[in-house]
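Following: one structure in C-alpha coordinates, then a few remarks.
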Amino acid sequence: MAKHKTLLDHIEDILAYKKHQRFLKDFKGQKCTTYWIWGSSGIGKTKLVREVLEELHPNNFIILGSQRDHFQEYKGQEFIVINDLRPNDYDYGQLLTLLDPWEIDKMAPARYHDRYLNARSIYITTPYDPLSFYFECNISNQVVDSFEQLKRRIVSLKLTEDTYSDLKNELIKDEEIAEAIWKIKSQKKY
(Lines of atoms letter the chains of each structure in order from A and count residues from 1; the text may use other names and numbers.)
(Lines give C-alpha, C1' and ligand atoms only; values in the text may rest on other atoms or scores of the structure.)
Protein backbone atom coordinates (compact mmCIF):
# COMPACT_ATOMS: atom_id res chain seq x y z
CA MET A 1 0.00 0.00 0.00
CA ALA A 2 2.80 2.43 0.92
CA LYS A 3 4.54 1.61 -2.34
CA HIS A 4 1.45 2.67 -4.32
CA LYS A 5 1.13 5.86 -2.27
CA THR A 6 4.74 6.74 -3.09
CA LEU A 7 4.14 6.06 -6.78
CA LEU A 8 0.97 8.19 -6.78
CA ASP A 9 2.83 11.00 -5.01
CA HIS A 10 5.58 10.81 -7.62
CA ILE A 11 3.06 10.97 -10.48
CA GLU A 12 1.32 13.90 -8.79
CA ASP A 13 4.67 15.71 -8.48
CA ILE A 14 5.43 15.18 -12.18
CA LEU A 15 1.99 16.46 -13.22
CA ALA A 16 2.36 19.50 -10.93
CA TYR A 17 5.78 20.24 -12.46
CA LYS A 18 4.40 20.01 -16.02
CA LYS A 19 1.46 22.24 -15.13
CA HIS A 20 3.88 24.75 -13.61
CA GLN A 21 6.06 24.73 -16.73
CA ARG A 22 2.99 25.49 -18.89
CA PHE A 23 2.04 28.27 -16.48
CA LEU A 24 5.53 29.80 -16.69
CA LYS A 25 5.38 29.77 -20.48
CA ASP A 26 1.88 31.28 -20.63
CA PHE A 27 2.38 33.87 -17.86
CA LYS A 28 5.94 34.96 -18.74
CA GLY A 29 6.44 38.72 -18.50
CA GLN A 30 3.22 39.27 -16.58
CA LYS A 31 2.70 40.36 -13.01
CA CYS A 32 0.94 38.53 -10.20
CA THR A 33 -1.31 40.96 -8.33
CA THR A 34 -1.85 40.60 -4.58
CA TYR A 35 -4.99 42.11 -3.09
CA TRP A 36 -4.74 42.69 0.67
CA ILE A 37 -8.35 42.85 1.83
CA TRP A 38 -8.67 43.90 5.43
CA GLY A 39 -11.42 44.89 7.80
CA SER A 40 -13.08 43.89 11.03
CA SER A 41 -13.89 40.26 11.74
CA GLY A 42 -17.18 39.08 10.31
CA ILE A 43 -17.48 41.90 7.76
CA GLY A 44 -17.44 39.44 4.82
CA LYS A 45 -13.90 39.55 3.43
CA THR A 46 -13.82 35.89 2.43
CA LYS A 47 -17.42 36.00 1.18
CA LEU A 48 -16.54 38.95 -1.07
CA VAL A 49 -13.52 37.23 -2.59
CA ARG A 50 -15.42 33.96 -3.02
CA GLU A 51 -18.21 35.79 -4.90
CA VAL A 52 -15.72 37.48 -7.24
CA LEU A 53 -13.78 34.29 -7.99
CA GLU A 54 -16.87 32.08 -8.35
CA GLU A 55 -18.14 34.54 -10.95
CA LEU A 56 -14.89 34.92 -12.91
CA HIS A 57 -12.79 31.79 -12.30
CA PRO A 58 -15.13 29.14 -10.84
CA ASN A 59 -12.84 26.18 -11.53
CA ASN A 60 -9.47 27.83 -11.01
CA PHE A 61 -9.34 29.18 -7.45
CA ILE A 62 -8.73 27.87 -3.96
CA ILE A 63 -9.34 29.29 -0.52
CA LEU A 64 -6.52 28.27 1.80
CA GLY A 65 -7.29 28.40 5.47
CA SER A 66 -5.05 26.36 7.76
CA GLN A 67 -2.64 28.64 9.60
CA ARG A 68 -0.30 25.71 10.16
CA ASP A 69 -0.11 24.79 6.49
CA HIS A 70 -1.92 27.12 4.10
CA PHE A 71 -0.78 25.33 0.93
CA GLN A 72 -1.50 21.76 2.06
CA GLU A 73 -4.50 21.42 -0.30
CA TYR A 74 -3.10 23.57 -3.14
CA LYS A 75 -3.27 21.85 -6.55
CA GLY A 76 -1.99 24.49 -8.98
CA GLN A 77 -4.94 26.88 -9.06
CA GLU A 78 -4.08 30.30 -10.52
CA PHE A 79 -6.26 32.37 -8.18
CA ILE A 80 -5.31 31.90 -4.55
CA VAL A 81 -6.96 33.13 -1.38
CA ILE A 82 -4.88 33.10 1.79
CA ASN A 83 -7.71 33.35 4.25
CA ASP A 84 -7.47 35.05 7.64
CA LEU A 85 -3.71 35.72 7.48
CA ARG A 86 -2.04 36.47 10.82
CA PRO A 87 1.38 38.04 11.47
CA ASN A 88 2.93 34.82 12.75
CA ASP A 89 1.70 32.55 9.94
CA TYR A 90 4.84 33.16 7.86
CA ASP A 91 8.33 34.43 8.37
CA TYR A 92 8.23 38.00 7.02
CA GLY A 93 10.96 37.32 4.44
CA GLN A 94 9.11 34.20 3.27
CA LEU A 95 5.91 36.24 2.90
CA LEU A 96 7.74 38.85 0.81
CA THR A 97 9.07 36.12 -1.48
CA LEU A 98 5.61 34.58 -1.81
CA LEU A 99 4.10 37.96 -2.76
CA ASP A 100 6.82 39.10 -5.18
CA PRO A 101 4.76 40.25 -8.19
CA TRP A 102 7.41 39.70 -10.87
CA GLU A 103 8.88 36.40 -9.69
CA ILE A 104 6.44 33.87 -11.11
CA ASP A 105 8.67 30.80 -10.78
CA LYS A 106 8.28 30.21 -7.08
CA MET A 107 7.33 27.57 -4.59
CA ALA A 108 4.83 27.76 -1.76
CA PRO A 109 5.73 26.27 1.61
CA ALA A 110 3.82 23.10 2.50
CA ARG A 111 4.29 20.56 5.27
CA TYR A 112 5.54 17.51 3.35
CA HIS A 113 7.01 19.21 0.30
CA ASP A 114 6.77 22.66 -1.21
CA ARG A 115 4.28 23.26 -4.03
CA TYR A 116 4.85 24.90 -7.40
CA LEU A 117 2.91 28.15 -7.31
CA ASN A 118 0.91 29.12 -10.41
CA ALA A 119 -0.41 32.43 -9.12
CA ARG A 120 -1.98 35.00 -11.41
CA SER A 121 -3.67 36.72 -8.46
CA ILE A 122 -3.35 36.27 -4.71
CA TYR A 123 -6.03 37.49 -2.35
CA ILE A 124 -5.20 37.91 1.31
CA THR A 125 -8.01 38.36 3.81
CA THR A 126 -7.05 39.56 7.26
CA PRO A 127 -8.31 41.75 10.08
CA TYR A 128 -4.95 43.59 9.97
CA ASP A 129 -4.24 46.64 7.85
CA PRO A 130 -0.80 46.22 6.23
CA LEU A 131 1.08 48.54 8.61
CA SER A 132 -0.40 46.99 11.76
CA PHE A 133 0.37 43.55 10.33
CA TYR A 134 3.98 44.60 9.75
CA PHE A 135 4.44 45.85 13.30
CA GLU A 136 2.95 42.63 14.71
CA CYS A 137 5.41 40.45 12.75
CA ASN A 138 8.53 39.16 14.45
CA ILE A 139 11.16 40.94 12.33
CA SER A 140 14.76 40.89 13.51
CA ASN A 141 16.00 43.71 11.25
CA GLN A 142 13.41 46.33 10.27
CA VAL A 143 15.99 48.23 8.22
CA VAL A 144 16.48 45.30 5.86
CA ASP A 145 12.93 43.96 6.05
CA SER A 146 11.05 47.24 5.79
CA PHE A 147 7.33 47.90 5.55
CA GLU A 148 7.93 49.43 2.11
CA GLN A 149 8.78 45.97 0.76
CA LEU A 150 5.32 44.72 1.72
CA LYS A 151 3.58 47.92 0.64
CA ARG A 152 4.90 47.79 -2.93
CA ARG A 153 3.82 44.15 -3.35
CA ILE A 154 0.14 44.61 -2.49
CA VAL A 155 -3.03 46.48 -3.35
CA SER A 156 -4.49 47.37 0.05
CA LEU A 157 -8.30 47.44 0.18
CA LYS A 158 -10.28 48.15 3.34
CA LEU A 159 -13.66 46.43 3.47
CA THR A 160 -16.56 47.97 5.39
CA GLU A 161 -20.31 47.47 5.13
CA ASP A 162 -20.46 50.69 3.09
CA THR A 163 -17.73 49.66 0.61
CA TYR A 164 -18.76 46.03 -0.03
CA SER A 165 -20.52 46.53 -3.38
CA ASP A 166 -18.02 49.08 -4.71
CA LEU A 167 -15.07 46.91 -3.72
CA LYS A 168 -16.64 43.83 -5.32
CA ASN A 169 -17.22 45.73 -8.58
CA GLU A 170 -13.65 47.10 -8.48
CA LEU A 171 -12.19 43.61 -8.02
CA ILE A 172 -14.31 42.19 -10.84
CA LYS A 173 -13.22 45.01 -13.15
CA ASP A 174 -9.53 44.53 -12.23
CA GLU A 175 -9.74 40.77 -12.83
CA GLU A 176 -11.54 41.23 -16.16
CA ILE A 177 -8.85 43.65 -17.35
CA ALA A 178 -6.08 41.30 -16.18
CA GLU A 179 -7.80 38.38 -17.94
CA ALA A 180 -8.06 40.34 -21.21
CA ILE A 181 -4.37 41.28 -21.04
CA TRP A 182 -3.43 37.68 -20.25
CA LYS A 183 -5.40 36.38 -23.24
CA ILE A 184 -3.83 38.92 -25.60
CA LYS A 185 -0.31 38.10 -24.42
CA SER A 186 -1.01 34.36 -24.58
CA GLN A 187 -2.20 34.63 -28.20
CA LYS A 188 0.96 36.46 -29.23
CA LYS A 189 3.08 33.52 -28.05
CA TYR A 190 1.41 31.00 -30.34
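Each number in the working numbering corresponds to the 1-based position in the sequence shown with 14 added. From the three backbone atoms N, C-alpha and C, an ideal C-beta is built for every residue, glycine too.
Please state whether DSSP places Lys-42 in a helix, a strand or coil. Here residue 42 corresponds to residue number 28 of the sequence shown, with the count starting at 1. Looking at Lys-42 - three-state DSSP - the assignment turns out to be coil, as it is neither helix nor strand.
Own chain, CB closer than 6 Å to Arg-129, minus 5 neighbours either side, in chain order: Taking the first residue of the sequence shown as position 1, residue 129 is located at position 115. For Arg-129, where only same-chain residues beyond five positions count, the Cβ hits under 6 Å are Phe-85, Tyr-88 and Ala-122.
Reduced DSSP category for Ile-191 - H, G, I as helix; E, B as strand; rest coil: As a first step, residue 191 is located in the sequence shown; it is residue number 177 there, counting from the start. Residue state, collapsed to three classes: helix.
With a Cβ-Cβ cutoff of 8 Å, do Gln-44 and Trp-196 count as a contact? Locating residue 44 in the sequence shown gives position 30, where the first residue counts as 1. Locating residue 196 in the sequence shown gives position 182, where the first residue counts as 1. Contact: yes.
Which of the three DSSP states is assigned to Leu-67 in this structure? In the sequence shown, residue 67 corresponds to position 53, counting from 1. In the three-state reduction of the DSSP assignment, Leu-67 falls in the helix class.
Assign Ile-28 to one of three DSSP states: helix, strand, or coil. In the sequence shown, counting from the first residue as 1, residue 28 sits at position 14. Helix at Ile-28.
Comparing alpha-carbon positions, which option in Glu-190, Ile-153 and Asp-143 lies nearest Trp-50? Within the sequence shown, numbered from 1, the residue matching residue 50 stands at position 36. Of Glu-190, Ile-153 and Asp-143, the residue nearest in Cα terms is Asp-143.
What residues are listed by DSSP as bridge partners for Tyr-126? In the sequence shown, the residue the question calls residue 126 occupies position 112. In the DSSP output, where bridge partners are listed per residue, Tyr-126 has none listed.
Under a three-way DSSP split, which group does Leu-232 fall into? A question about residue 232 goes unanswered here, because the residues of the chain that appear run from 15 up to 204.
Who are the near neighbours of Asp-159 in its chain, counting only those whose CB is closer than 7 Å to its CB and skipping five residues on each side? The residue you call residue 159 lines up with position 145 of the sequence shown. Cβ within range, chain order: Tyr-106, Gly-107 and Ile-153.
For Asp-176, which option in Lys-59, Lys-39 and Arg-36 has the closest C-alpha, if you only look at C-alpha atoms? Taking the sequence shown and counting its residues from 1, the one referred to as residue 176 is at position 162. The shortest Cα separation from Asp-176 among Lys-59, Lys-39 and Arg-36 belongs to Lys-59.
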